[in-house]
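Enquirer: Here it is, the structure in full.
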Amino acid sequence: MTDRQPDILCIGSVLWDVIGRTASHMRVGSDVPGRIHRLPGGVAMNIAMTLVRFGLRPALLSAVGRDAEGEELAAEAAKMGMETAHLYRSDDLPTDIYMAIEGANGLIAAIADAHSLEQAGAKILRALEDGRLGTPDSPWSGLVALDGNLTTDLLTEIARSPLFARADLRVAPASPGKAERLLALMGHPTATLYVNLEEAGLLCHQPFDSSETAARALVARGAHRALVTDGGRAAALATAQDCITRTPPEVLVTRVTGAGDTFMAAHIASEAEGMAPDAALERALHAAATYVSGDTPL
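Numbering-wise, my numbering comes out as the position in the sequence shown, counting from 1, plus 23.
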């Protein structure tokens with residue numbers, strides 16, 4: 024493994040996704056034919072996989088067990104081009120797992136078992152303080168993709184920590200059910216929030232009818248930057264100075280799990296290349312549309 028520093032740190036869930044997909048519409052109690060896939064997943068992993076496709080070298084900071092599932096997962100990540108040396112490998116905690124069912128009418132149900140990540144807590148950040156990736160006096164000053172599978176306590180600690188004082192934070196909730204954890208990062212001077220319309224409403228405690236309204240409200244509430252998506256409708260990127268919107272291309276949706284992570288990673292990579300805000304937003308929307316259409320390899 025090369026000694027050069029990674030291009031970005033991906034902090035959060037690294038686990039196995041077990042996804043069942045069917046072309047049928049589903050409701051509670053449906054029993055239909057389909058396909059079941061097991062593949063590397065988790066928000067941090069999904070973001071890292073897309074970053075690799077854009078030519079960046081991400082490092083994973085997460086908790087992965089020393090069980091057979093963890094050994095296989097770490098090997099898969101390394102084979103894909105990710106830095107895995109900074110993973111917290113636990114002898115006692117099993118590798119986390121996510122399970123979802125997707126039908127022709129979208130995501131039917133999902134369960135995220137990220138208990139090992141939550142129990143590991145700040146142990147996953149050791150490389151940021153022991154000199155491998157930084158120290159409190161000389162903290163990491165590059166890009167960080169952070170996901171809301173971390174506990175509220177740890178996100179609050181990150182928001183106040185000198186270890187992240189110079190980082191360019193890019194933050195996403197793991198799901199609408201965990202969106203309010205991101206309130207801990209409101210007011211952080213570099214944090215960009217990547218949320219969908221429902222998650223924006225949960226953070227602001229009010230519903231929104233457009234991404235632009237939601238993005239502006241998040242900035243008014245204290246977000247440094249806010250990027251709000253709304254499925255096939257226009258997405259918006261707001262700062263205190265401006266708000267831009269772009270509409271994604273129309274595609275046939277064949278999968279949804281991981282689409283938001285793909286969008287976020289494509290936007291980060293585009294900005295890392297120096298693209299203008301409107302061009303970066305448009306490229307990210309095209310990447311996400313390509314992903315949900317099934318044209319991006321699993």
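Glycine residues also receive a C-beta, built at the ideal position from the N, C-alpha and C atoms.
(1) Kindly provide the ranges of any alpha helix (DSSP H) runs that are 4 or more residues long and lie completely inside the stretch 121-199, ordered along the chain.
(2) List the endpoints of the continuous beta strand (DSSP E) containing residue 113.
(3) Pick from 188, 41, 239, 81: whose alpha carbon is nearest that of residue 62?
(4) Hey, is the stretch 301-314 in contact with the stretch 86-99, meaning 3+ C-beta pairs nearer than 8 Å?
(5) Leaving aside the five residues before and after residue 190 along the sequence, list all residues of the same chain whose C-beta is less than 6 Å from its C-beta, in chain order.
(6) Using alpha carbons as the reference points, say which of 208, 75, 165, 92 lies closest to residue 112.
(7) Spatial neighbours of residue 141 within its chain, please: CB distance less than 6 Å, with the 5 preceding and 5 following residues excluded, ordered by chain position.
(8) Would you kindly work out how many angstroms separate the C-alpha atoms of residue 45 and residue 51, rounded to a whole number?
(9) What's the gap between the Cα of residue 73 and the Cα of residue 103?
(10) Can you give the Cα-Cα distance for residue 27 and residue 155, rounded to whole angstroms?
(11) Terminal residues of the continuous alpha helix (DSSP H) containing residue 301?
(12) Measuring straight from C-alpha to C-alpha, what distance separates residue 30 and residue 53?
(13) Express the C-alpha separation of residue 114 and residue 198 in angstroms, rounding to a whole number.
(14) Hey, would you say residue 260 sits closer than 7 Å to residue 250, going by beta carbons?
(15) Would the beta-carbon of residue 120 fall within 7 Å of that of residue 84?
(16) Kindly indicate which residue of 138, 192, 100, 243 has the alpha-carbon position closest to the one of residue 214.
(17) Residue 36 and residue 82 look like a contact to me (Cβ under 8 Å); what is the Cβ gap, rounded to whole Å?
(18) What is the DSSP secondary structure of residue 90, counted as helix, strand or coil?
(19) Find out if the Cβ-Cβ distance for the pair residue 307, residue 266 is shorter than 7 Å.
(20) Please go through the same chain and pick out, in chain order, the residues whose beta-carbon is closer than 8 Å to the beta-carbon of residue 179, but skip the five residues on each side of it.
(21) Where residue 268 and residue 126 are concerned, what is the direct C-alpha to C-alpha distance, given to the nearest angstrom?
(22) Is it buried or exposed for residue 128, if we count other Cβ within 10 angstroms and need 16 for buried?
(23) Can you name the start and end residues of the alpha helix (DSSP H) that residue 239 belongs to?
(24) What is the rounded straight-line gap between the Cα of residue 321 and the Cα of residue 77?
Expert: Short version:
(1) Qualifying alpha helix (DSSP H) stretches, in chain order: 138-143, 175-183.
(2) Under the DSSP assignment, residue 113 falls in the beta strand (DSSP E) whose first and last residues are 111-113.
(3) Of 188, 41, 239, 81, the residue nearest in Cα terms is 41.
(4) No: the two stretches stay apart, fewer than three of their Cβ pairs being nearer than 8 Å.
(5) Once the five neighbours on either side are set aside, the close Cβ partners of residue 190 are 163, 167.
(6) The shortest Cα separation from residue 112 among 208, 75, 165, 92 belongs to 92.
(7) Correct list, in chain order: 174.
(8) In this structure, the alpha-carbon of residue 45 lies about 14 Å from that of residue 51.
(9) Taking the CA atoms as reference points, residue 73 sits about 10 Å from residue 103.
(10) Going by the C-alpha atoms only, they are around 11 Å apart.
(11) Counting along the chain, the alpha helix (DSSP H) containing residue 301 begins and ends at 300-315.
(12) When rounded, the distance between both Cα atoms is 44 Å.
(13) Residue 198 and residue 114 have their C-alpha atoms some 28 Å from each other.
(14) Remark: C-beta atoms of residue 260 and residue 250 approach each other more closely than 7 Å.
(15) With a cutoff of 7 Å on beta-carbon distance, residue 120 and residue 84 are scored as not near each other.
(16) Nearest of 138, 192, 100, 243 to residue 214, Cα basis: 192.
(17) Not confirmed; about 15 Å, so no contact.
(18) Of the three classes helix, strand and coil, the one that applies to residue 90 here is coil, per DSSP.
(19) Annotated as distal: residue 307 and residue 266, with beta-carbon spacing of 7 Å or more.
(20) Taken in chain order, the residues that qualify are 207.
(21) Answer to the nearest angstrom: the Cα atoms are 29 Å apart.
(22) Burial call: exposed.
(23) Run containing residue 239: 234-244, per the alpha helix (DSSP H) assignment.
(24) The predicted model places residue 321 with a pLDDT of 43, which falls under 50 and marks its position as unreliable; any figure quoted below should be read in that light. One C-alpha to the other measures close to 15 Å.
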